[in-house]
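Engineer: To start, I am sharing the structure in question, which I have written as structure tokens.
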Amino acid sequence: MQPFTRITSIAVPLDRANVDTDQIIPKQFLKRIERTGYGEFLFFDWRYELDVPDSVMPNPEFVMNAPQYKGAEILLAGKNFGCGSSREHAAWALSDYGFRAVIAPTFADIFFSNAGKNGIGLARLTDDEVNTLMQRAKTPGYQVTVDLEAQTVTDAQGFKARFEIDPFRKECLLNGLDDIGLTLRHGEALDKFEAKHDNEFWSAPKTATA
Amino acid sequence: MSAPQTMFEKVWNNHLVASPEGEPPLIYIDLQLVHEVTSPQAFDGLRLAGRKLRRPDRHIATVDHNVPTTSAEDRLHILDQTSAAQVNALRKNCKEFGIEFFDVQDASQGIVHMIGPELGATKPGMTIVCGDSHTSTHGAFGALAFGIGTSEVEHVMATQTLPQSKPKTFRITVDGTLPYGVTAKDIILHIIGLIGTDGATGYAVEYAGSAIRALSMEGRMTICNMSIEAGARAGMIAPDETTFAYLMGRRFSPTGKAWDEAVAHWKTLPTDEGAVFDRELHIDAAEITPTVSWGTSPGMVTSIEGKVPSPDDATNEIDRKGYERALEYMGLKAGTPIEQINIDRVFLGSCTNGRIEDLRAAAQIVKGRHVASTVSAMVVPGSQAVKKQAEEEGLDKIFKDAGFEWREPGCSMCLGMNPDILSPGERCASTSNRNFEGRQGRGGRTHLVSPQMAAAAAIAGHFTDVRNWPNNGGKN
Ligand code: SF4
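Here it is as structure tokens:
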């Protein structure tokens, strides 16, 4: 996993609450069997014109298409970002497009976990703080810094907000740690537990005998 | 004596492998369900790292999300090349890693959340995961079941465990008797309307109360299924005689002495008297009416007696903007009575309402009537088993005579990954669980309702209060 430490970048203000993973990456793009190549389909239904089915004419109304946000690595969004489907493709699409961090008042649970596993930094700020950033992000060239080590979001105009993150999750993100590898450190406890648990036949999906 | 515990805590504690200092606890996963969409990258990850799949016997796989539902023949030769590649990848991966796989033509194939219970693989007290958010369905049996992303799918394949931060507990008690024509679907839509789509984020919900106890397993699954629509990590209902009766004699259910011992264990699971939840909510079943979603999130619901709300009804600025967007997308005017909304399509199916009882209830409304000339309607049974049962009962004939299409099992228009989709602007009464923008097809407009309400809307051509419909037995 790619570590996440600190980035400074232009930020796209996506001023919508409850952005669901069906919007982040619509289902017709979930048929691939790879982890990459989802970036061009990110926010597909909003990003491209609807009139021509499956068109690739950029919709000029959609904020991400404005030239001033080209190359942005930070996304600003409303509350409950990433709700709905568990598809990790949403995290893959954000990261493949080039987003390294998302700032929002709250995130849905499964998305929160998926993003972390793909090295995307998520910062939870208050509604007011996110609103301030959204306003400022309208100015071309405006940049935001997300610093995971310090747990802060800052800008050059003196904005400074702290966000909370679970220390373990922080450690994993900072060092790009592989979860499976971490779990395998508990191999002995797992073997012991499993030997006992296998005898608790109610736990077996398929065996029907005591 | 130990302190009184909630059902969630009991199941959690029974699966705790390790609680390392400063890290999330590691919990054991009894069963992982696998489908074609969220698994290929996980299998690839195993191969890349040279890891084995630790417990093939604790995995079951099927294809559901993108298989065509048009005919048995179309399913064997999937035209869409990318869909076919995904289905083939799962076939190949199951073989390579030794997972039992229920292929398109298998008598046990179906939506992954349908077949776990049907096979008796889903049982009380287990931990169950799947790369699909509606895994919460299995909580209806008193299992702790939740959806995960593909990296976590790979993690479970490799270790049969997951590091999980412990959710808080939330009990929603629904007491009283459900009025005539009001169903499990209406209960859960009503709940989401009350608490919002993030109302249960960070919680494992337990549904309790006399109205829940009175539900069949099918109804309980409908409720737990949509827990994720309120943001909950999981939804659970205590196992009881209804649960045991459902499980008895199923393919993977224990038998003989093992059955008795299993039941004895299951009876220890319900929440102890006096156990404390982090949050509680009480609802009177008598208040619930047939419920219809009007917007683009499952929290945007109202009663069939109601009207499309106005952005002015929103209590804050965020909701106000959300309402405006939703009304525009849905092509609705504030103040329009719900009963005056005309529909173009009806979809009866999905892991929320694609079970035999749902089809029976809908058939009761449809029998001897005909779908409105302006509507095209389809029934997609959730599994092969449901399809077979329905055909034995003659339900397929009732639907076909009434002008419904009768399809092969799968997810179908619930998410429109296969060819079953809405065209831009088309309006659909759907028994599924998500009304997000574009969920059933780009530009498509989805209204979530119960099977009875969907059936009545198909006949009337617009939403209509099913409580006024004769022939409706008022069953759930
Ligand atoms: S029926 Fe719909 S919600 Fe259920 S598993 Fe399939 S796509 Fe997901």
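Sequences listed follow chains H and P, in order. Just so we're aligned, residue 1 is where the first sequence starts under my numbering, counting upward by one. Just so we're aligned, residue 1 is where the second sequence starts under my numbering, counting upward by one. Think of the CB as a built atom: it goes at the ideal place given N, C-alpha and C, for glycine as much as any other residue.
1. In whole angstroms, what separates the C-alpha of P4 (chain P) from that of H282 (chain P)?
2. Within 10 Å of its beta-carbon, does K27 (chain H) have 16 or more other beta-carbons around it, so buried, or fewer, so exposed?
3. List, in order along the chain, the chain H residues whose C-beta lies closer than 9 Å to that of T201 (chain P)?
4. With a threshold of 16 other CB atoms inside 10 Å of the CB of Y180 (chain P), please say whether the residue is buried or exposed.
5. Is G235 (chain P) helix, strand or coil when you go by DSSP?
6. Does the distance from the CB of A107 (chain P) to the CB of I128 (chain P) come in under 8 Å?
7. Does any C-beta atom of chain P lie closer than 8 Å to the C-beta of E61 (chain H)?
8. What does DSSP give as the partner residue(s) for N66 (chain P) in the beta ladder?
9. Rounded C-beta distance between L62 (chain P) and I115 (chain P)? I'm assuming under 8 Å.
10. At a CB-CB cut-off below 7 Å, which residues of chain H make contact with P40 (chain P)?
11. In terms of DSSP beta bridges, what is F206 (chain P) paired with?
12. F8 (chain P) versus chain H: which residues are under 7 Å apart at the beta carbon?
13. Within 8 Å (strictly less), CB to CB, does P3 (chain H) reach chain P?
14. Do we get a CB-CB distance below 8 Å when we pair A121 (chain P) with the residues of chain H?
15. Let me know the secondary structure DSSP gives C411 (chain P) once reduced to three states.
16. When you compare each of H:T152, H:V63, H:I7, H:K70 to Y97 (chain H) by their alpha carbons, which one comes out closest?
17. So which residues on chain H does M486 (chain P) lean against when the C-beta distance must stay under 9 Å?
18. Does G473 (chain P) have its Cβ less than 8 Å from a Cβ in chain H?
19. What does DSSP give as the partner residue(s) for V449 (chain P) in the beta ladder?
20. Within its chain, find whatever has a CB closer than 8 Å to the CB of A273 (chain P); leave out the 5 residues flanking it on each side and keep chain order.
21. Can you tell me whether C351 (chain P) sits near the ligand SF4, meaning its C-beta is under 7 Å from at least one heavy atom of the ligand?
22. Could you list which residues in chain H have their beta carbon closer than 8 Å to that of F436 (chain P), in chain order?
23. In the DSSP assignment, the beta strand (DSSP E) including M378 (chain P) goes from what residue to what residue?
24. Closest to E306 (chain P) by CA distance: which of P:V292, P:T315, P:S297 is it?
25. Could you please give the first and the last residue of the uninterrupted alpha helix (DSSP H) stretch that includes W202 (chain H)?
26. Can you have a look at W202 (chain H) and say buried or exposed, based on whether 16 or more other CB atoms are within 10 angstroms of its CB?
27. Suppose you measure from the CA of S483 (chain P) to the CA of A121 (chain P); what does that come to, to the nearest Å?
28. Take N13 (chain P) as the anchor and find which of P:G125, P:M330, P:E408 has the nearest alpha-carbon.
29. Sort P:L194, P:E154, P:V301 by Cα distance to P337 (chain P) and report the nearest one.
30. Counting only C-beta atoms, is S95 (chain H) closer than 8 Å to chain P at any point?
31. What is the rounded straight-line gap between the Cα of L133 (chain H) and the Cα of L76 (chain H)?
32. Can you give the Cα-Cα distance for G77 (chain P) and R445 (chain P), rounded to whole angstroms?
33. Can you tell me which residues form a DSSP beta bridge with Q32 (chain P)?
34. For a cutoff of 8 Å on Cβ pairs, would you count L26 (chain P) as touching chain H?
35. Are there 16 or more other CB atoms within 10 angstroms of the CB of N316 (chain P), so buried, or fewer, so exposed?
36. Within 8 Å (strictly less), CB to CB, does D179 (chain H) reach chain P?
Structural biologist: A quick look at the data gives this:
1. Taking the first residue of the second sequence as 1, we reach residue 4 (chain P) at position 4. Taking the first residue of the second sequence as 1, we reach residue 282 (chain P) at position 282. Their backbone Cα atoms lie some 21 Å apart in a straight line.
2. Along the first sequence, one-based indexing puts residue 27 (chain H) at 27. Result: buried.
3. For this step, residue 201 (chain P) is matched to residue 201 along the second sequence. Correct list: N80, C83, T106, F107, A108, D109.
4. Position 180 of the second sequence, counting from 1, holds the residue named residue 180 (chain P). Residue environment for Y180 (chain P): exposed (fewer than 16 other C-beta atoms within 10 angstroms of its C-beta).
5. Locating residue 235 (chain P) in the second sequence gives position 235, where the first residue counts as 1. Strand, per DSSP.
6. In the second sequence, counting from the first residue as 1, residue 107 (chain P) sits at position 107. In the second sequence, counting from the first residue as 1, residue 128 (chain P) sits at position 128. No. Outside cutoff.
7. As a working note, residue 61 (chain H) is residue 61 in the first sequence. At a cut-off of 8 Å between beta-carbon atoms, E61 (chain H) makes no contact with chain P.
8. As a working note, residue 66 (chain P) is residue 66 in the second sequence. Per DSSP, N66 (chain P) has no beta-bridge partner at all.
9. In the second sequence, counting from the first residue as 1, residue 62 (chain P) sits at position 62. In the second sequence, counting from the first residue as 1, residue 115 (chain P) sits at position 115. As written in the sequence, residue 62 (chain P) is Thr, which differs from the Leu given in the question. Taking a contact as a CB-CB distance under 8 Å, the pair T62 (chain P) and I115 (chain P) counts as one, their CB atoms being some 6 Å apart.
10. Counting from one through the second sequence, the residue named residue 40 (chain P) turns up at place 40. Near P40 (chain P) (Cβ distances below 7 Å), the residues of chain H are I33.
11. If you number the second sequence from 1, residue 206 (chain P) lands on position 206. A small fix is needed here, since residue 206 (chain P) is Glu in this sequence, not Phe. Bridge partners of E206 (chain P): P:R171, P:M236.
12. Taking the first residue of the second sequence as 1, we reach residue 8 (chain P) at position 8. Those do not exist, as F8 (chain P) stays about 15 Å from chain H at its closest Cβ, beyond 7 Å.
13. In the first sequence, the residue the question calls residue 3 (chain H) occupies position 3. P3 (chain H) does not count as touching chain P.
14. Here the question's residue 121 (chain P) lines up with position 121 in the second sequence. Chain H, which has a Cβ nearer than 8 Å to the Cβ of A121 (chain P), makes this yes.
15. The residue labelled residue 411 (chain P) in the question sits at position 411 within the second sequence. In the structure shown, C411 (chain P) sits in coil (DSSP, three-state: anything other than H, G, I, E or B).
16. Position 97 of the first sequence, counted from the first residue, corresponds to residue 97 (chain H). Answer by Cα proximity: H:K70.
17. Not covered by the structure: residue 486 (chain P). The range shown for chain P is 1 to 476.
18. The residue you call residue 473 (chain P) lines up with position 473 of the second sequence. Note that G473 (chain P) has pLDDT 42, beneath the 50 cutoff, so the model's placement of it is unreliable and the number below is only indicative. No, because no Cβ of chain H sits closer than 8 Å to the Cβ of G473 (chain P).
19. Against the second sequence, residue 449 (chain P) aligns to sequence position 449. DSSP lists no partner for V449 (chain P).
20. On the second sequence, residue 273 (chain P) is found 273 positions in, with the first residue counted as 1. Residue identity check: residue 273 (chain P) is Glu in the sequence provided, not Ala. P4, listed in sequence order.
21. Here residue 351 (chain P) is taken as the residue at index 351 of the second sequence, counted from 1. It does: the Cβ of C351 (chain P) is within 7 Å (strictly closer) of some heavy atom of the ligand SF4.
22. One-based indexing of the second sequence puts residue 436 (chain P) at position 436. Within 8 Å Cβ-Cβ: D20, D22, Q23, G84.
23. Numbered from 1 along the second sequence, position 378 holds the residue referred to as residue 378 (chain P). Taken as a continuous stretch (DSSP letters only), the beta strand (DSSP E) holding M378 (chain P) covers 376 to 380.
24. Along the second sequence, read from residue 1 onward, the residue named residue 306 (chain P) stands at position 306. First, the residue type needs correcting, since residue 306 (chain P) is Gly and not Glu in the sequence shown. It is P:V292.
25. One-based indexing of the first sequence puts residue 202 (chain H) at position 202. Run containing W202 (chain H): none; DSSP gives neither H nor E here.
26. Indexing the first sequence from 1 puts residue 202 (chain H) at position 202. Classification for W202 (chain H): buried.
27. With chain P represented from 1 up to 476, any question about residue 483 (chain P) goes unanswered, as that position is not in the structure.
28. Against the second sequence, residue 13 (chain P) aligns to sequence position 13. Checked all of P:G125, P:M330, P:E408; the closest Cα to N13 (chain P) is P:G125.
29. In the second sequence, the residue the question calls residue 337 (chain P) occupies position 337. The shortest Cα separation from P337 (chain P) among P:L194, P:E154, P:V301 belongs to P:V301.
30. Numbered from its first residue, the first sequence carries residue 95 (chain H) at position 95. No, S95 (chain H) does not count as interfacial toward chain P.
31. Locating residue 133 (chain H) in the first sequence gives position 133, counting from the first residue. Locating residue 76 (chain H) in the first sequence gives position 76, counting from the first residue. Put simply, the backbone Cα of L133 (chain H) is about 8 Å away from that of L76 (chain H).
32. Here residue 77 (chain P) corresponds to residue number 77 of the second sequence, with the count starting at 1. Here residue 445 (chain P) corresponds to residue number 445 of the second sequence, with the count starting at 1. In the sequence as displayed, the identity of residue 77 (chain P) is His instead of Gly. Cα to Cα, the separation comes out at about 30 Å.
33. Within the second sequence, numbered from 1, the residue matching residue 32 (chain P) stands at position 32. Paired residue(s): P:H59, P:V129.
34. Along the second sequence, read from residue 1 onward, the residue named residue 26 (chain P) stands at position 26. By this cut-off, L26 (chain P) is an interface position.
35. Position 316 of the second sequence, counting from 1, holds the residue named residue 316 (chain P). N316 (chain P) is exposed by the Cβ-count criterion.
36. Position 179 of the first sequence, counted from the start, is the residue given in the question as residue 179 (chain H). Output row for D179 (chain H): interface = yes.
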